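Residue numbers (this note's numbering), protein chains in the order written: chain A, 1 to 271; chain B, 272 to 1018; chain C, 1019 to 1434. First the structure, in the form of structure tokens, and then the observations on it.
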Amino acid sequence: MKNEHHGAKKYGMVIDLDKCTGCGACMVACMSENNVPFKKDETDKLRSITWMRVYKLTNGKAFPDTEICYLPRPCMHCAGQHEGHSPCVSVCPATATDYSSETGIVSQIYTRCFGCRYCMAACPYHARYFNWWDPVWPKGMEEYLSPNVSPRMRGIVEKCSFCYHRYQLAMDKAYVSGRRELKEHEYQTACTQACPADAITFGDLNNPHHKVHKLVNPDNAHHGRPQNSNAFRLLEKLGTNPKVYYLSSREWVRKSGDNYQAEDRKSAGHH
Amino acid sequence: MKIDRRCFLSLGMGLSAGAVLTPLPWKLADDSSIWSQNWEWTPVPKDDVASYEKTACSLCPGGCGLLVRKVGNRAVKVEGMPRHPVNNGGVCTLGLSSLQLLYGPTRIKTPLKRIGNRGDGKWEKISWRAAIEAVAKKLGDHRKKGESHMVAAIMGSDRGTVPQLMARLLTAYGSPNFFRMPSAQDAYESTLYLMHGVQAMAGFDVDNTDYVLSFGSGLIEGWGAPVHMLQANSRWKATGTKVVQVEPRLSNTAAKSDEWVAIIPGTEAALALGLAHVILKENKQCDFVSNAAFGFDDWVDENGQQKKGFKQIVMASYSPEKVATITGIAAEKIVRLAKEFAGAKRPLAVAGRGSGNTPVGFQEMMAVHALNALVGSINRPGGIWTVPEPDYVKWPAPEMDQIAAKGIQQGRLDGAGSSNAPYARFLLNRLSQADTKNKYSLKALLVSGANPLYSLPDTKAVQKAFDGIPFIASFSSYFDETTQYADIILPNHVFLERLEDVPAPRGFHKPMIGLSQPVVSSKYDTRHIGDALIAIARKIGGTVSSAFPWNNYETCLRTTLADKWPMMVKNGFWWNQSYLPSNNGAGFHTPSGKFEFSETVFSTYQPVALEGDESAYPLVLVPYDHMRLSSGYVGSPPFMMKTVSDKIVKGNDGFVEINPETAKKLKLADGQSAVLTTPKGSVNVRVNVFDGIRPGLLAMSRGLGHTAYDDYLAGKGVNVHSLMGPVEDPLSGLDAAWGIRAKLTKA
Amino acid sequence: MIDSALIPEGVKRCPFWQFLLALAVTGAVLLWGVYALLLCWFKGLNITGMNDYYGFALWIWADLAVIALGGGAFFTGLLKYVIGKDELKNIINYAVLIGFICYSSALLILAIDIGQPARNWFIFWHANVHSMLTEVAFCLSCYFGVLCVEYIPLILENRQIDKVPFFHNLSHNFHEIMAVFAATGAFLSFFHQGSLGGVAGVLFGRPFGFREHILIWPFTFFLFTWSAAACGPCFTILITKLTEKISGKQLVKPNVIHLLAKIAGWMLTTYIIAKIADTIYWAFFTLPDQGFNVMHFYSNNAFYGPWILFTELIICGVIPAFILITRPLRERPALLVTAVLLASIGVCLNRWVMVLQVMAPPVMTFDSWVLYVPTWPEVATTILPVAYGVILVLISFRYLPIFPQEKELNPIDSGA
Ligand SMILES: Nc1nc2c(c(=O)[nH]1)N[C@H]1C(S)=C(S)[C@@H](COP(=O)(O)OP(=O)(O)OC[C@H]3O[C@@H](n4cnc5c(=O)[nH]c(N)nc54)[C@H](O)[C@@H]3O)O[C@H]1N2
Ligand SMILES: Nc1nc2c(c(=O)[nH]1)N[C@H]1C(S)=C(S)[C@@H](COP(=O)(O)OP(=O)(O)OC[C@H]3O[C@@H](n4cnc5c(=O)[nH]c(N)nc54)[C@H](O)[C@@H]3O)O[C@H]1N2
Ligand code: SF4
Ligand code: SF4
Ligand code: SF4
Ligand code: SF4
Ligand code: SF4
């Protein structure tokens, strides 16, 4: 096939913040897809497992010049400065979280994690969540648990997996039909699929035919730096090299993606 | 014994090697970690054959098509149906969480009869036979006593076979008192009735508009068909469609709009008429008003009386300068907005605050509609459309015996449709005024798909009205507030277990019917409400029974849908894709046969007078809607609660939004506790200091403060409806209270 | 006394009932800690004040602090066995004991801290060699082994045990190879002290902790080792002084103390210069590259201000260093104690800052400060090692010849 792209994949996400309405469907889709537990009180946001979390940003101006932007934050599946040197992967002492050079996905092995939380300390995006409690479903509710993602036990860390089980299922299907390459639509994450605003795009950043590539035009010579002027990544300057990109037409939003406190603010934005 | 160095070293090495070689430590370590990976209290979901089932969501009026992923007979995931005309693969937080309703702890598992006092939560399990008999006997007794009109039903909708079965039951039985829960639809329907002369629904061709002027509508916060609107909003971004949001608070819709116009709340009608003034002054109105409208210019009625035309009224009283002082919006901005609106190819003005459950004044609704008329955006692509009421429910009128006929003659309890509210169909707001205004009192009430004891304004008064009704039967699947207050419960299946038509997605511009299909077999001893209603009718007997010729609900549905049935089963929905309403004579059934501007509505500016005295209540409280909370009759499932910000509810504390300036005046800091008082009651809240709200205004999210449901929802936050009260619109009789006066003091 | 047979010859100990009372009081505190520990294991870490933003608890600070304070063991060992400062033999036993206590506590704390204690060995089995924590785990465990080897001969010197020929000879053999272990210990300590410093220093996602690297190690790697070498001996002196105060007798000759103090003083001086240089480099080069201004980390919150930096660097760094390297000052007992106390506080503060403050400041622009308040089980489990240490000191001091100079300095009147 002419359009087929071989070689290592770099699955990533582009989230259009102009479109995102903050509706929260991505959060719920993720919880439902991935058997994320819940408690009676989830208002302590510092102890609430949300692989996908939608942040609310404001421009800090007074009425009526106030503006709001919502920013959905899955795991960024950081590649680091050299492929696989993600902030979290590099620190995990038990190799319980790993970087796949085949897909670019940062995995989490629940049965191996022993709960030291070092990876959480390492992640500047707070994308990692600890199971402070045993997961408990009210009687009868275990019925909706999906067999594709194992529920996690107390005392370990979990996070967004880019719905890796969907990749596996898609690969299995492809293999059955004799293919080793996936088509773009065959592997889509639950949040992408659910988003009513079509704000989330998912695909292989290395594949020039995929929408994600076209949207941000990542410069692989410079750690995937976006070449679309409306695109940015969170905390680029830290060198985490995330695979989640954001689009916004508003400058204050783009600037919220990184810290510019020590610099001339003119040079802000993407560089 | 003497140990030399060599002996010592070999001893050491021997010990170490020995420890490593014995299997014990390794085995123990391994076992313990295996044990920790297989805690029996951490569930392991069973695997089985995976499949997808089509259905339609009826948790809100949005009518989304869903695909439910199943593993064996378990539903494990809800997804949006791709290429569905309403939601094209998208789905909202509530639909996504619906499995938590299906398998959740708040479900009612068998029919129940109250044994303690009302609301005590003491129930006795009864059989379906006993439940049906109890209801039929109660209704039969009232019928015998000539009190059939004193029986009422409240439902969430009046469309589709199930509400129609309920309405039919009441009619054949002899009661005119079918109620639908109030919403902005009421005002829209009254508007279409008055201005178009048709009984129709308002639909919005949001995909083809190029300029949206929204008077506080939560376009992306549940207004219309929620997912459809979220998708439209993204298309607007792609096509460069400008969205102007007129609203005193920076809602999500305002935040996503291209221009936020932070108006003084309650003055929207004036703004709409001010915009009309500019359009007329600039002569930018389109041919529609001269060709197809009546009452636009001054006219003389059949008695020879001189009547003012819309144009003359607007030109005389709504200059931009004057409107600027009313609305707080600069005159230049009003002029610019009017020119932009009239200059757009396919502009669309919409009304109905928030998700459309906050009341709207009739004048405001009509003024907005008049704006659409001025630019010709009536029944044309990109405009507002009249969508005919679903017409597939074509059952022959039930045979009425004498009792039934007499009962119907008593007239509606609320007077809707009568001389004092000719344009209204349902006025549930008048229920709580039982002692003062109503002609008679109710003896029995049937409730389904609605939670009036939570959702109607002034909860205390509603409860008092319910106290006066000796018999309340609920068909709810869940222990909601109303159901907890019922005397008998006949639990319906949850929609995922139910076969049912889901017609007319709210605000959708084409006739459409979704099909809810049982995705899983029913889990508990519940029964389809359609079957329950048929059984009740049969038990009552006589003409009531013969009005229900179907053996069961499924037969009723299949025969009703007739030739649409196969397509619905195949696709999960039916729709009239080519529907386009007429925007000339054929579309209007007014006395003039044209679109009519009503003199009575527009002659004087009549803002809704909010309840409460300004000196005692210097602030104004408004409710708002939030996509992450269900504000309808279904309570938010745990997943949704999890997504809610800790600036809306924290622990059990509810928050009220307040501008920093107002907070400073009241010496309240962000997060601080306060007492919020309205004429209807007083509650403890915490303040959320937010720049995006107009000074003097307080806002509180709907969907919280439940007393019913489970520990994941009950007791969290404040039910804003308990602080509100209805204010009747003098023109329509509908509730128009978009807010209430309030005060906030330090706790 | 009922236990006189166990007490080393020629020294005087308090009455047995006093000893028992002291044991009982600290034992009660210990049990409280053990109860908290069991709660953490069986109920889970939800009973702590930690959260997803703040994954390191008070006890992790305690862990790092005790390891730093226990640094006296390896550094004194290094000085005595490797460098050959023989006078230090008079304090080395106590240094080893303190080290043993600190390191066994540290391991215990780690066992409480992890969410899945039964899987603790995964860190060895599935080791990720790139992780500082792996390095910590390996070196810490090995060094604890070394400390055991160093502590065991001391136990074997107990009057009764020593009577058994096997143990007597065993002890002798241990002594012979002690230099090898001391050298190993110093080597291991260098790495685990360093890798503990690396724990925060490698967090390139956390600008407050992150430091530039030399080879594969961040600056903090070296600073931690250095500060442990400087402040560990200070803590040994401090505890020795405290023991002298409580027991009411001199246990170590001043020249020994002053020698150790002088060496510690020079270590502290060089350390604090390096630390100040590191802070300046971090503030003016590392942070700006990441988009931050140093004041970001010392403002907009209820606790962390410039005061903490000043206290660590000046009050608990420059001042004690100056005292310790200035002979007339360090030889004044009050100033000496002040200096070693300040130095000990300083290193604890440094560990606090490098563990707990790292978690607190926001990194994403739309995040906010998170301050953490420990719950009682965390306090109890943090005090647990202290109680355990006191008990071990009580027992060791009573029954083992910890201080070789005690007999000479405190001759027993035959009348007593
Ligand atoms: N990243 C990562 N690495 C892994 C693993 C992992 O999960 N992740 N898994 C590990 C495991 S468990 C395994 S078994 C290995 C598998 O690793 P490999 O043995 O490399 O397995 P394959 O990738 O299946 O490649 C086998 C090759 O054999 C070719 N082949 C197929 N049939 C025949 C035949 O009849 N004759 C000959 N001569 N060639 C044939 C195929 O075309 C293919 O090129 O990978 C290991 N490596
Ligand atoms: N499509 C496809 N199918 C294949 C193959 C293929 O190449 N392609 N290869 C085949 C071959 S050769 C093999 S060996 C099999 C491998 O098949 P599997 O063993 O099923 O596959 P893995 O994905 O390697 O690992 C299984 C799971 O173990 C978890 N895990 C990792 N460490 C631990 C641990 O310490 N404890 C526990 N309990 N779980 C842990 C991982 O997170 C993962 O979810 O697949 C076979 N099937
Ligand atoms: S589902 Fe889409 S629109 Fe909604 S919050 Fe998530 S990304 Fe934003
Ligand atoms: S976002 Fe956090 S958890 Fe995800 S790869 Fe990056 S550092 Fe790791
Ligand atoms: S918590 Fe688990 S995944 Fe994270 S670093 Fe520790 S062992 Fe690795
Ligand atoms: S990609 Fe999958 S796991 Fe990640 S946030 Fe989206 S739904 Fe959740
Ligand atoms: S918008 Fe309404 S109909 Fe659509 S999924 Fe949500 S609740 Fe169901």
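Ideal Cβ placement from N, Cα and C applies to all residues, glycine included. Computed from a predicted model, the values in this text were never measured in an experiment.
Asked	Found
Below-8 Å beta-carbon distance, Arg1137/C vs any chain B residue	yes
Own chain residues within Cβ distance below 6 Å of Val1358/C, not counting five before or after	Cys1252, Ile1255 and Leu1256
Complete beta strand (DSSP E) runs within the stretch 583-660 of chain B (minimum length 3 residues, chain order)	618-621 and 655-659
Residues from the stretch 1117-1137 of chain C in contact with chain B, defined by Cβ distance under 7 Å	Gln1134, Ala1136 and Arg1137
Member of Gly140/A, Pro74/A, Asn59/A and Cys23/A whose CA lies at the smallest distance from the CA of Pro376/B	Gly140/A
Chain C contact for Trp306/B (CB, 8 Å cutoff)	yes
Terminal residues of the alpha helix (DSSP H) in which Asp412/B lies	Trp399 to Lys415
Environment of ligand 6 in chain order, Cβ to heavy atom below 6 Å	Ala29/A, Cys30/A, Glu33/A, Asn34/A, Trp51/A, Met52/A, Pro74/A, Cys160/A, Ser161/A, Phe162/A, Cys163/A, Thr189/A, Ala190/A and Cys191/A
Val998/B vs Leu890/B beta-carbon contact at 8 Å	no
CB contact check: Trp1387/C to chain B, cutoff 8 Å	no
Element boundaries [beta strand (DSSP E), containing Gly952/B]	Gly952 to Val960
Validate contact between the stretch 216-233 of chain A and the stretch 1299-1310 of chain C using beta carbons, cut 8 Å, 3 pairs	no
Cβ neighbour criterion (16 or more within 10 Å) applied to His222/A	exposed
Contact between the stretch 1261-1268 of chain C and the stretch 1417-1428 of chain C (3+ Cβ pairs under 8 Å)	yes
Residue closest to Pro296/B, alpha-carbon to alpha-carbon, out of Phe1074/C, Trp1139/C, Phe1034/C and Leu1126/C	Trp1139/C
Cys69/A - DSSP class collapsed to helix/strand/coil	strand
Distance between Pro294/B and Leu286/B (C-alpha atoms, nearest Å)	14 Å
Status (buried if at least 16 other CB within 10 Å, exposed otherwise) for Val946/B	exposed
Residue-chain proximity (Ala300/B, chain C), Cβ-Cβ < 8 Å	yes
Where Pro1338/C falls: helix, strand or coil (DSSP)	helix
Within-8 Å CB hit, Lys921/B to chain A	yes
Environment of Lys416/B [buried if 16+ CB atoms lie within 10 Å]	exposed
8 Å Cβ cutoff, Thr95/A in contact with chain C	yes
Any C-beta of chain A under 8 Å from that of Asn1311/C	yes
Ala170/A at chain B interface by Cβ criterion, 8 Å	no
Buried or exposed by the 16-neighbour rule on C-beta atoms within 10 Å, applied to Gly1216/C	buried
Interface flag, Ser303/B vs chain C, CB-CB below 8 Å	yes
Whether Met76/A touches Thr192/A by CB criterion (8 Å)	no
Chain-ordered neighbours of Asp998/C on chain A, where CB pairs are closer than 8 Å	Outside the shown range of chain C, which is 1019 to 1434, sits residue 998/C, and nothing can be said about it.
Cβ of Leu286/B within 8 Å of any chain A Cβ	no
Glu592/B, buried or exposed, once every other Cβ within 10 Å from all chains shown has been counted against 16	exposed
Per-residue burial, Asn3/A [other beta carbons within 10 Å of its own, 16 or more giving buried]	Caution is warranted here: a pLDDT of 47 is assigned to Asn3/A, below 50, making its placement in the model unreliable, and no coordinate value can be reported.
Simplified DSSP assignment, three categories, for Ile760/B	strand
Contact set between the stretch 123-150 of chain A and chain E, restricted to residues whose Cβ is under 9 Å from the partner	Given the protein chain composition of this structure (A, B and C), no chain E is represented.
Bounding residues of the beta strand (DSSP E) (the contiguous stretch that carries Thr201/A)	Ile200 to Asp204
Pick from Ala547/B, Gly289/B, Leu338/B and Ala321/B that is closest to Lys841/B, judged by C-alpha positions	Leu338/B
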